Amino acid sequence: MSEEPSTEPADPFAGIADDVHRKRLIGQAFVAVCLASTLVGIVALVALVADVLYESWGWVTWEFLTYPPSRFVENYLPGGRGAGIYPALVGSILLIVLTAVFTLFLGVGAAIYLEEYAPDSRLTSFIEANIANLAGVPSIVYGLLGLALFVRAAGLGSSLLAGALTLTLLILPIVIVSAQEAIRAVPDSQRRAAYGVGATDWEVIRDIVLPASLPGIMTGTILALSRAIGETAPILMVGAATSMFVAPVRDGPFGLPVPDFLGPFAAMPMQIFDWARLPQAEFQHVAAAGIVVLLAVLLGMNATAIYIRNRYERQ
Amino acid sequence: MSSADLTRAGSGIDGTKNRLIRYVFFACAAVTVLTTAGIIIVLVEGAVAFFREVSIVEFFTTADWSPIIRPRSYGVLPLIWGTMLIVVGSAIVAIPVGTATAVYLAEYADRRVRKIVKPTLEVLAGIPTIVYGFFALSFITPLLQQFFPETGTFNAAAGAIVVGVMVIPMVSSLSEDAMSAVPDELRQAAYGLGATKYEVSTDVVIPASVSGITAAYILAISRAIGETMAVTLAAGMHPNVTFNPLEPIQTMTAYMVQVGISDVSVGSIGYQSLFAVGITLFAMTLSMNLLSLWVKSRFREEYQ
């Protein structure tokens, strides 16, 4: 706000008019800069989506979804022998299902403890601070933890189970925080009413708190899982295969296929990474096709979360 | 339990069951603490094994990094340099853009616009980083090559730009929260003195929310340090101390990926170097995260 003294004594208001004019110009320029910056993010998003769609055009076929990968790019083209993302797609889905089971149990359990049981003690605030800190640890460090703890020390090898446990620890902080919010949103009057008719802590949680907070918990968990499905670095460190030619499924009783949680696996982000760094330029299209499948799965998960939230938000 | 306790929680089978359930839930919460302990133990154990073979002075002071290919050398500086190039470059992209976006959303945009733009920007944060890596390779690098023909297929600039785009929502969202928390009385008072909207934004709102904005910057930098797949794909795997952003480099995380996808046998110096680099990375991001928390609490403006 630099004030310049008016240099024209003849008209005392001329300087002010100039000043107002100048300030208005500065104001308009500032809004323009801010608006342009806001557009940068949006334009980048549009460019990214357009680039992926353009590169993948014609490469996402039925064969792409149902065949294993190939070293020869012509197999991916319509009319080729068929090649695609199938083992990694199945691997990613099994990985997420397994991760969902672990995170729901651990995340909701921890949130219930912190909201319903935990005393107002140093230990509790230490746990809370620790959760906040864990959320800022780079995902590749979780990969190192999974490698040393689950793959090596626990002897699980580079298996689906080791991958799922690693991803569970990675998204646990997010799930706990969102579950805590959902539990906190349950009105205290409902708990008191239940205690009033003689319910125990566990009965209050089971019959009052959990049913009321379940939509919120589900929304938060699905959003966290949709983050996990795109994570590459942790499963790479744990040893996800760069290319698998069969899905991680074996024959169970009566010849029915069952998931092989202890065998090697491929997952979509890892497969995309493998395609993207192949030197042949055509594999850019294959990688883009893989990204379209990954983003489609992600979009489906996010849409489910939003649906649950909208459906149960107002009660 | 005292005899006056008339609830069913205190006694008998129900009491035991309730205590047991409580322990189960506590165990779930304890997993998070064990995770932190696990990370630290795993990193320290691996790093100690590494530093038994390699002098810590050599690790932090020499600039030649090649632990898995002969002739071996163990100076981590090129990896730290590469990481810093990405951090500085992405900050140049994300900090001005993110801050100006936050000002627009907090001060200028009406509610309808904000309701659309904010979630749209947050989509950027939800896109897998491998997709950003692909975007850098297939879009940003070719674009750079149009202007600078000497740009390599792998180059630091594309990595920095794409990481910058990735952290824009982090900067804008957290800064906007901080700006929106500035009480309206301060703005009204400034308007009362004849300030323009521009003056209110730059002389009142930004200074009043500077701690929140700074904390957002530091968190974004921490994220850029730990970013992995985008920089591996875009910036390459060449440990390189260079000022030229058009050359390939290697970040700490990209090196870890390189070891992860190569067949390095357990117990070899290459395997151990993973943990030495990992603990360096962890220490850097942890101190950034703590710094961000400290800035936020230390310089918090209190309003009634």
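Residue numbers (this note's numbering), protein chains in the order written: chain A, 1 to 315; chain B, 1001 to 1304. We treat Cβ as the ideally placed atom computed from N, Cα and C, and that holds for glycine. Note that the structure is predicted; figures quoted are calculated from it, not measured.
Asked: Cβ neighbours of Ala1063 (chain B) in the same chain (closer than 6 Å, five flanking residues each side left out); Found: Gly1075, Leu1077, Pro1078, Val1241
Asked: Check whether Ile1213 (chain B) and Val1097 (chain B) have beta carbons under 8 Å apart; Found: no
Asked: Nonlocal neighbours in the same chain, by C-beta distance under 7 Å from Val151 (chain A), ignoring five residues either side; Found: Gly157, Ser158, Ala162, Val238, Gly239
Asked: Cβ of Phe261 (chain A) within 8 Å of any chain B Cβ; Found: no
Asked: Residue-level contact to chain A via CB, Ile1218 (chain B), 8 Å cutoff; Found: no
Asked: The region 1130-1145 of chain B in contact with the region 1220-1239 of chain B per 3-pair CB rule at 8 Å; Found: yes
Asked: Status (buried if at least 16 other CB within 10 Å, exposed otherwise) for Leu123 (chain A); Found: exposed
Asked: Closest by C-alpha distance to Ile127 (chain A), when choosing among B:Val1033, B:Gly1278, B:Leu1281, B:Leu1291; Found: B:Val1033
Asked: Chain-ordered neighbours of Thr242 (chain A) on chain B, where CB pairs are closer than 7 Å; Found: Ile1261
Asked: Residue of A:Leu299, A:Ile291, A:Leu298, A:Tyr312 minimising C-alpha distance to Glu336 (chain A); Found: Residue 336 (chain A) lies beyond the range of chain A shown here (1 to 315); nothing can be said about it.
Asked: Cβ-based contacts, 7 Å cut-off: residues of the region 104-134 of chain A near chain B; Found: Leu106, Gly109, Ala110, Ile112, Tyr113, Leu114, Tyr117, Ile127, Asn130, Ile131, Asn133, Leu134
Asked: Chain A within 8 Å of Asp1014 (chain B), Cβ atoms only; Found: yes
Asked: With 16 other Cβ atoms within 10 Å as the buried cut-off, status of Ser37 (chain A); Found: buried
Asked: Endpoints, beta strand (DSSP E) assigned at Asp251 (chain A); Found: 249-251
Asked: Integer Cβ distance of Thr1141 (chain B) from Ala1158 (chain B), believed to fall under 8 Å; Found: 5 Å
Asked: Start and end residues, alpha helix (DSSP H) containing Pro173 (chain A); Found: 160-184
Asked: Within chain B, the residues that Glu55 (chain A) reaches when beta carbons sit closer than 7 Å; Found: Ser1138
Asked: Ile1116 (chain B) burial status per 10 Å Cβ neighbour count (16 or more: buried); Found: exposed
Asked: Within-8 Å CB hit, Ala1100 (chain B) to chain A; Found: yes
Asked: Terminal residues of the beta strand (DSSP E) in which Val258 (chain A) lies; Found: 257-259
Asked: Which residues DSSP lists as bridging Trp1065 (chain B), in chain order; Found: B:Tyr1074
Asked: 8 Å Cβ cut-off: residues of chain A touching Leu1124 (chain B); Found: Gly41, Ala44, Leu45
Asked: Contacts of Gly220 (chain A) in chain B (Cβ-Cβ under 9 Å); Found: Within 9 Å Cβ-Cβ: nothing; Gly220 (chain A) doesn't reach chain B, min ~14 Å.
Asked: Neighbourhood of Ala1220 (chain B) by C-beta, 7 Å cutoff - its chain only, sequence neighbours within 5 removed; Found: Ala1094, Val1167, Met1170, Val1171
Asked: Where the region 1221-1253 of chain B meets chain A: residues whose CB sits under 7 Å from a CB there; Found: Ser1222, Gly1226, Thr1228, Met1229, Leu1233, Thr1253
Asked: Counted within 10 angstroms of its Cβ, other Cβ atoms place Asn310 (chain A) as buried (16 or more) or exposed; Found: exposed
Asked: Interface flag, Gly1089 (chain B) vs chain C, CB-CB below 8 Å; Found: No chain C appears in the structure shown, which is made up of the protein chains A and B.
Asked: Candidates B:Ala1224, B:Arg1112, B:Ile1056, B:Gln1188: closest to Met1252 (chain B) by CA position; Found: B:Ala1224
Asked: Gln180 (chain A) burial status per 10 Å Cβ neighbour count (16 or more: buried); Found: buried
Asked: Of the listed residues B:Ala1254, B:Met1229, B:Met1284, B:Pro1245, nearest to Met270 (chain A) (C-alpha basis); Found: B:Met1229
Asked: Residue from A:Ala303, A:Ile308, A:Ala296 with nearest C-alpha to Val1131 (chain B); Found: A:Ala296
Asked: Gln1250 (chain B), buried or exposed, once every other Cβ within 10 Å from all chains shown has been counted against 16; Found: buried
Asked: Ser1055 (chain B) in three-state terms, based on DSSP; Found: coil
Asked: Cross-chain neighbours of Val141 (chain A) in chain B, by beta carbon under 7 Å; Found: Ile1039, Gly1278, Leu1281, Phe1282
Asked: Within chain A, partners of Lys1197 (chain B) - CB distance below 9 Å; Found: Gly27, Phe30, Val31
Asked: Where Arg1022 (chain B) meets chain A, residues with beta-carbon distance less than 7 Å; Found: Tyr117
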